[in-house]
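Novice: The numbers in the sequence shown follow my numbering, run straight up by one, and end at 171.
Here you go, one structure.
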Amino acid sequence: MASKVTTTMKRTATTMKRGAKTSSGKTTRGWGGGAGGAGDLSKWYGATRKLYLPGGLLTLDDVPSYLNGSLAGDYGYDPLGLGQDQDQVAKYREYELIHARWAMLGAAGAIIPEGLPANGADIK
């Protein structure tokens with residue numbers, strides 16, 4: 048699983064540069080019509096990514112070997128050791144996606160009913 052994720056992220060980082068073409072051949076556009084795309088993602092993934100190292104508390108040698116930058120949000124900090132088992136990390140990631148989707152539905156369920164009366168809907 049981790050190698051598949053890493054390969055996908057590397058492909059995304061190298062192919063989706065600003066103004067890059069998508070698989071359909073269309074050039075991506077950014078806000079205001081400027082060049083779009085994901086930009087350079089190498090600062091967020093891989094061995095040279097930004098690390099969470101509180102000043103004076105941790106050094107690069109303190110980063111566990113299983114925190115290799117292959118997952119989003121990997122800043123080299125896992126005080127409870129939750130990321131040691133790759134199978135368990137895959138489950139955690141799946142659970143996080145499910146919960147995030149429920150949270151988005153919950154936010155829409157709170158916002159939409161508030162906006163409907165403001166736009167003329169008769170809700171009783």
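By construction, the Cβ of each residue, glycine as well, lies at the ideal position given by its N, Cα and C atoms.
#1: Are the Cβ atoms of P111 and G128 separated by less than 9 Å?
#2: Would DSSP call R76 helix, strand or coil?
#3: Could you name each continuous alpha helix (DSSP H) segment of 4 residues or more that falls completely within the segment 95-130, going from the start of the chain to the end?
#4: What distance in whole Å lies between the Cβ atoms of G116 and R96, which are believed to be in contact at a cut-off of 8 Å?
#5: Mapping DSSP to helix, strand and coil, what is W149?
#6: Distance, Cα to Cα, G123 vs A137?
Specialist: Taking the coordinates as given:
#1: yes
#2: strand
#3: none
#4: 5 Å
#5: helix
#6: 17 Å
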